[in-house]
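A.B. asks: To start, I am sharing the structure in question, which I have written as structure tokens.
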Amino acid sequence: MPDSAPPSRPQDWHTRLSHAGRAGTHVHGFVNPAVHRGSTVLCPDLATRDAAGRQRFDQAMVYGLCGTPTHWPLEDMLAEIEGGTRCQIVGTGLAAITVPLLAYLGAGDHLLLPDSVYGPSRQFADHFLARMNVATTYYDPMIDAAGLTALMRPETKVLYLESPGSHTFEVQDVPALAAAARARGITVMIDNTWGIHFFQPFAHGVDVSIQALTKYVGGHSDIVLGGIVTNTEADWQKVRSAALLLGQYASPDDCWLALRGLRTMAVRLDRQMQSGLEVARWLAARPEVARVLHPALPTCPGHEFWRRDFTGACSLFGVVFQDSYSRPAVHAMTESLSLFGIGASWGGYESLILPTTGYVTRTAGSGAFGGEVVRLHIGLEAPADLIADLERGLSVLRGFGR
Ligand SMILES: Cc1ncc(COP(=O)(O)O)c(C=O)c1O
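This is the structure we're talking about:
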């Protein structure tokens, strides 16, 4: 079937990831788009150049910064995956956070950030937005709509959500919180990197969705890239204009790798979701473990919102050890593992582990779970091998003493 033919019924996302973003890219019969690298775009004469500049803002073909035919299919696919209409690619997942915050906030404004937010987002607010005279209030991610409303001020411009939260995985009541913000004309942003396609932000009242494409979209721990998805033309214009004026650009080679990653993402996520759950359930039954912070398990704060609002889970979750195990014991266990790399990021094909307690800042009184917490990312290895590795690690933990 040609890619441009309209589907006869709504297609499963596995099908869409195989076919979306390919229309018009069949060059000399090849399946994939080419990598277009470029800065200068030549025009045969000035009239053509003027006309190109007057083209639709998002497709002005006058300079490489405006994007290339390698960026556009990726942007189209990401917008489709999240149920939005437009996407702006930026150089990193962190830029996908800072660009919209800069687009919507100015001197004298107020921002609401969850206490569980990704660390660099917190640092950006504390050290950069503060210098612009933007005030930030950190709220407990499990706050309800009434509690959140009590924190709103006349100058509150952005409600920022991250659901589930980095490291401690609190799932937020996004529809209720977003509705409370929208009732006051406050823009709602979410870091939806964990939810990817499993959470549809625009169906739940979000205006701007942030994706670190570095994670499952790239899928191979070899790129750093971000995407910002919007639903309305007005939001799109704001985000796009801020990205261009801040000089945001992503390498076409990285965009091409992200496009390739997307083709297999649904299958990788199927496998990683199952493996993640298998490892999480095994850990939950261990006597050394106090609690597993996996949104799909009832022991995770906000699990009921995950059940209501998500259609699946990725393979990143937290583990709380019994409070009798010391930090050095947990670190010794971490270092004893052979299949789990010690490293930041997630979403690649390989498993990772990272201790959280002592490394993560919280200021709103949330996120205390008693024992030491580590974050696990489950890759594409066989779960039985990962469990065997963890079993050895737990014996190191026990042997270290309490
Ligand atoms: C939840 C979340 N958002 C955003 C980012 C930033 O992505 P990047 O590393 O591409 O800047 C990360 C990176 O770890 C993350 O975990």
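Residue numbering for the sequence shown follows this note's numbering, starting at 3 and increasing by one per position.
We treat Cβ as the ideally placed atom computed from N, Cα and C, and that holds for glycine.
Bear in mind that the values here come from a model prediction, so they are computed numbers and not experimental data.
What I want to know is whether the C-beta of V226 ends up closer than 7 Å to one or more non-hydrogen atoms of ligand 1.
C.D. replies: Answer for V226: yes, Cβ within range of ligand 1.
A.B. asks: Report the CB separation of L356 from R377 in whole angstroms; it is logged as a contact under 8 Å.
C.D. replies: Contact holds; Cβ gap of about 5 Å.
A.B. asks: State the beta-bridge partners of C89 as determined by DSSP.
C.D. replies: Note: C89 sits in a beta bridge opposite V231.
A.B. asks: Out of curiosity, what's the CA-to-CA distance linking I99 and G401?
C.D. replies: Each residue's alpha carbon lies about 42 Å from the other.
A.B. asks: Just verifying my parser: in three-state terms, what is the DSSP assignment at F371?
C.D. replies: F371 falls in the coil class under three-state DSSP.
A.B. asks: Taking 8 Å as the cut-off, does the region 221-234 touch the region 89-108 (at least 3 CB pairs, one atom from each stretch)?
C.D. replies: Yes: the two stretches touch, three or more of their Cβ pairs being nearer than 8 Å.
A.B. asks: Please determine whether the Cβ atom of D256 lies at a distance below 7 Å from any heavy atom of ligand 1.
C.D. replies: Because no heavy atom of ligand 1 lies under 7 Å away, the Cβ of D256 does not count as near it: no.
A.B. asks: From the DSSP output, in three-state form, read off A205 for me.
C.D. replies: The answer is helix: DSSP assigns A205 an H, G or I state.
A.B. asks: By Cβ distance, which residues of its chain are closer than 7 Å to M3, with the 5 residues on each side in sequence left out?
C.D. replies: Reliability fails at M3, whose pLDDT of 37 lies under 50, so the model's placement of it is uncertain and the value that follows must be treated cautiously. Nothing listed; no residue qualifies.
A.B. asks: Could you tell me which of L96, I83, E383, A147 sits nearest to S277, measuring between CA atoms?
C.D. replies: Among L96, I83, E383, A147, the Cα nearest to that of S277 belongs to E383.
A.B. asks: Quick one: Cα of M335 to Cα of T359, how far?
C.D. replies: Whole-angstrom Cα-Cα distance: 14 Å.
A.B. asks: With a CB to CB cut of under 7 Å and the five nearest residues on each side skipped, what residues in its chain are close to A205?
C.D. replies: Here the set comprises G85.
A.B. asks: If you follow the beta strand (DSSP E) that F323 is in, where does it begin and where does it stop?
C.D. replies: Start and end: 318-323.
A.B. asks: Just curious, the beta strand (DSSP E) that M191 is in, first and last residue?
C.D. replies: Element bounds for M191: 189-193.
A.B. asks: Taking the alpha-carbon positions, what's the G108 to A181 distance?
C.D. replies: Approximately 23 Å, taken between the alpha carbons.
A.B. asks: In the DSSP assignment, find the unbroken beta strand (DSSP E) run with A214 in it and report its ends.
C.D. replies: 210-214 is the extent of the beta strand (DSSP E) around A214.
A.B. asks: Can you check whether the CB of V160 is closer than 8 Å to the CB of M191?
C.D. replies: Yes, the Cβ-Cβ distance between M191 and V160 is below 8 Å.
A.B. asks: Is Y65 helix, strand or coil when you go by DSSP?
C.D. replies: DSSP places Y65 in strand when its eight states are reduced to three.
A.B. asks: Report yes if the C-beta distance between W196 and C68 is below 8 Å; otherwise report no.
C.D. replies: Not in contact: W196 and C68 (Cβ atoms no closer than 8 Å).
A.B. asks: P303 to G314, Cα distance in whole Å?
C.D. replies: Roughly 16 Å separates the two Cα atoms.
A.B. asks: Leaving out five residues on either side along the sequence, give the residues of the same chain with a beta carbon under 8 Å from the beta carbon of T301.
C.D. replies: Around T301: A286, R293, V294, L295.
A.B. asks: At a cut-off of 7 Å, would you count D193 as near ligand 1, judging by its Cβ distance to the nearest heavy atom?
C.D. replies: Under cutoff, so the answer is yes.
A.B. asks: Could you name the residues of the same chain whose beta carbon sits closer than 8 Å to that of D391, not counting the 5 residues immediately before and after it, in chain order?
C.D. replies: Within the same chain, D391 has close Cβ partners L339, S340, L341, F342.
A.B. asks: State whether the region 348-355 contacts the region 207-222, with contact taken as three or more CB pairs (one from each stretch) at a distance under 8 Å.
C.D. replies: Yes: at least three Cβ pairs fall under 8 Å.
A.B. asks: Classify S6 as buried or exposed, calling it buried when 16 or more other Cβ atoms lie within 10 Å of its own Cβ.
C.D. replies: The predicted position of S6 is uncertain, since its pLDDT is 48 and thus under 50; a value taken from the coordinates is nonetheless stated next. Exposed, by the Cβ-count rule.
A.B. asks: Exposed or buried, H199, counting other C-beta atoms within 10 Å across all chains shown (16 or more means buried)?
C.D. replies: Buried.
A.B. asks: Candidates P12, A236, P116: which alpha carbon is nearest T363's?
C.D. replies: If we check each option's Cα against that of T363, P116 comes out closest.
A.B. asks: So, helix, strand or coil for Y251, using DSSP?
C.D. replies: Three-state DSSP puts Y251 in coil, outside helix and strand.
A.B. asks: May I ask whether a heavy atom of ligand 1 can be found less than 7 Å away from the beta carbon of I462?
C.D. replies: The displayed coordinates of the chain run from 3 to 404. Any statement about residue 462 would go beyond what the structure contains.
A.B. asks: With distances taken Cα to Cα, identify the nearest neighbour of L279 among R265, P297, S397, V269.
C.D. replies: Answer by Cα proximity: P297.
A.B. asks: Which residue wins for smallest C-alpha separation from V375, given the options R309, G320, M267?
C.D. replies: Checked all of R309, G320, M267; the closest Cα to V375 is G320.
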